[in-house]
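Structure, as structure tokens:
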Amino acid sequence: MFDVIGLGNSCLDILGVVPYIPGVDEKIEMSNTSMQGGGEVGTALATLAKLGSSTAFVGKIGDDPIGTFIKEDFVKYGVDINNLIVESGAISPSSIVMVEKYSGLRTIIDCGKSVTNLKPEEIRSGLIEKSKYLHLDSWHREAALEAATKARKKGIPVVLDADIPAYDASISQLIQLTDILITSQSFAQMFTKTDVVNISIDKMISLGPSVVMVTLGKNGVVCEGGGERFKTPAFEIEVVDTTGAGDVFHGAFIHAMLQDWSLQKAVEFASAVSAIKCGMMGGRDGIPTFLEALDFLTRHDRKY
Ligand SMILES: Nc1ncnc2c1ncn2[C@@H]1O[C@H](COP(=O)(O)OP(=O)(O)OP(=O)(O)O)[C@@H](O)[C@H]1O
Ligand SMILES: [Mg+2]
27 MFDVIGLGNS CLDILGVVPY IPGVDEKIEM SNTSMQGGGE VGTALATLAK
77 LGSSTAFVGK IGDDPIGTFI KEDFVKYGVD INNLIVESGA ISPSSIVMVE
127 KYSGLRTIID CGKSVTNLKP EEIRSGLIEK SKYLHLDSWH REAALEAATK
177 ARKKGIPVVL DADIPAYDAS ISQLIQLTDI LITSQSFAQM FTKTDVVNIS
227 IDKMISLGPS VVMVTLGKNG VVCEGGGERF KTPAFEIEVV DTTGAGDVFH
277 GAFIHAMLQD WSLQKAVEFA SAVSAIKCGM MGGRDGIPTF LEALDFLTRH
327 DRKY
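Structure follows, in structure tokens:
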């Protein structure tokens, strides 16, 4: 039994700080270069594991050095990888992330990958039913739909990270099988064809999820759930790098739900954990432990 099973993306991020985003035919220097695990579900699981939840990753990598890095990083965090398929001869996913020095905002280039999508029949029988939460992203859509259907049958809540790559023809189908939908602002805008967050939330909640959240980067998050709608501001911190803030937010939110906290408390906890992450380079190095997160909240006058 796992607290959370995550099915989706895990990749290698090569990150560094640049003075500005370069133009055509320019050559600039990257500093503070770092290699870290990345990807929506992958980083959410690393967050959950660091906070103290038991997790298992379901997905695919290639048998290349990038894949080895991804695997070893999961092992480092204590994420179970018995359901991580290694595809022979395939190139694993990786990204180059340029972090702008002035703002800490990241620009991402996804590098070519050839690893194939996980097929529904590649999910080990009975696995999905062995978790308290199922976490999904935009990857392996057919397998994600199958996993969500199985989880729903068992009453296991399905959490979906819908960011830009998720915007495609079958995303509505997946949202209909989702209990907790947390989207980036850009996904919400594209999917609901409005930049008014409250209208986006109305539209998305009408598709079935009981909780819908739109994260707004440094402007916080708007959440609807339990018949209430509220906005939780982001914590003010010195930003080094926002890479993975959304991924970490998802992991921390699920960890908070596993503590049986109220929705408001869970959203605040996730905001704190993702803000702490933004104080360091990369998607994973800045993830705090549970005690470090509670200490941060106490220092910000929150009672936990
Ligand atoms: N600059 C920041 N300062 C403090 N907290 C931040 C900052 N940026 C992000 N966060 C926290 O992280 C949450 C998620 O961030 P964001 O909305 O940028 O996710 P995203 O768009 O999915 O990005 P990604 O998935 O690439 O990390 C925000 O709601 C906020 O609580
Ligand atoms: Mg995101």
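Taken in order, the sequence shown gives residues 27 to 330; the numbers are from the working numbering. Every residue, glycine too, gets a C-beta built ideally from N, C-alpha and C. From a predicted model like this one, the values you see are computed outputs, not experimental measurements.
Buried versus exposed call for F28 [16 or more other C-beta atoms within 10 Å across all chains shown]: buried
Beta-carbon spacing of N109, A82 below 8 Å: yes
Whole-angstrom C-beta distance between A173 and L186, which should lie under 8 Å: In fact, because the Cβ distance is near 11 Å, the residues do not count as touching under 8 Å.
Best match in S300, S196, A170 and E318 for proximity to D267 [C-alpha to C-alpha]: S300
Proximal residues to S236 (C-beta, below 6 Å), its chain only, five neighbours per side dropped: D205
Proximity test, G251 beta-carbon vs ligand 1 heavy atom, cut-off 7 Å: no
Segment limits, alpha helix (DSSP H) that includes I206: Looking at the DSSP string, I206 is not in any alpha helix (DSSP H); the run it does join, the beta strand (DSSP E), is I206 to S210.
CB contact flag (G272, L41, <8 Å): no
Coil, strand or helix - L233 by DSSP: coil
Sufficient close CB pairs (3 or more, under 8 Å) joining the region 234-252 to the region 32-40: no
Any residue whose CB is nearer than 5 Å to a heavy atom belonging to ligand 4, listed in chain order: The model on display carries ligand 1 and ligand 2 but not ligand 4.
Beta-carbon proximity list for V141, same chain, < 7 Å, skipping 5 on both sides: K86, I87, G88, E113, A116, I117, S118 and P119
Assigned secondary structure, S120 (DSSP; H/G/I helix, E/B strand, else coil): strand
Close Cβ partners of L323 (< 6 Å) along its chain, the five nearest in sequence each way excluded: A298 and Y330
Sheet register partners of H161 (DSSP bridge): G32 and V185
Cβ distance (whole Å) where K139 is taken to contact I154 below 8 Å: In fact, because the Cβ distance is near 25 Å, the residues do not count as touching under 8 Å.
Residues bridged to C137 [DSSP beta-bridge criterion]: According to DSSP, C137 bridges with nothing at all.
Exposed unless 16 or more other CB atoms sit within 10 angstroms - verdict on A319: buried
M61 - DSSP class collapsed to helix/strand/coil: strand
Contact check, H281 vs S79, beta carbons under 8 Å: yes
DSSP-derived helix/strand/coil call for D228: helix
As assigned by DSSP and simplified to three states, the class of I190: helix
Check: A301 C-beta below 7 Å from any heavy atom of ligand 1: yes
Helix, strand or coil at G88 according to DSSP, with G and I counted as helix: strand
Cβ-heavy atom distance, T268 to ligand 1, below 7 Å: yes
Residue environment, L317, which counts as buried when at least 16 other CB atoms sit within 10 Å: exposed
Own chain, CB closer than 6 Å to V105, minus 5 neighbours either side, in chain order: L71, A75, T81 and F83
Beta-carbon proximity check, V265 vs G130, cutoff 8 Å: yes
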